[in-house]
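Peer 1:
In the numbering used here, the protein residues as written are 42 to 142.
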């Protein structure tokens with residue numbers, strides 16, 4: 042690290058400094074919020090790649106445009122069963138989950 046970069050820190054260092062170590066309540070809440078945000082962003086990106094509006098995606102899935110919007114904008118958490126419908130019925134994709142221990 043160069044002498045002029047003493048205040049630069051990695052993202053993990055920043056999160057630890059401001060939210061605590063992994064496993065603490067505040068840090069776990071941050072990480073959970075990020076996962077929810079990431080799901081919404083992935084749905085939004087995939088919807089745009091398919092050339093669908095929120096209304097068109099909602100019609101394919103059997104839900105409302107406002108519900109799709111809330112998921113994409115991290116206002117509402119999506120249930121796993123609904124996520125599966127959005128990915129498979131709405132976007133023509135396949136949902137894969139993994140568990141890391």
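For every residue, glycine included, the Cβ atom is placed at its ideal position computed from N, Cα and C.
1) Whole angstroms are fine: how far does the CA of residue 50 sit from the CA of residue 62?
2) Counting beta carbon pairs with one atom in the region 62-73 and one in the region 95-103, are three or more of them shorter than 8 Å?
3) Could you give the distance in angstroms between the alpha-carbon of residue 107 and the alpha-carbon of residue 131?
4) Do residue 135 and residue 127 have their C-beta atoms within less than 8 Å of each other?
5) Drop a sphere of 10 angstroms on the beta-carbon of residue 81, count the other beta-carbons inside from all chains shown, and report buried for 16 or more, exposed for fewer.
6) Do you know offhand how far residue 115's Cα is from residue 104's?
Peer 2: Answer, in terms of the structure:
1) 15 Å
2) no
3) 15 Å
4) Contact flag unset, no.
5) buried
6) 17 Å
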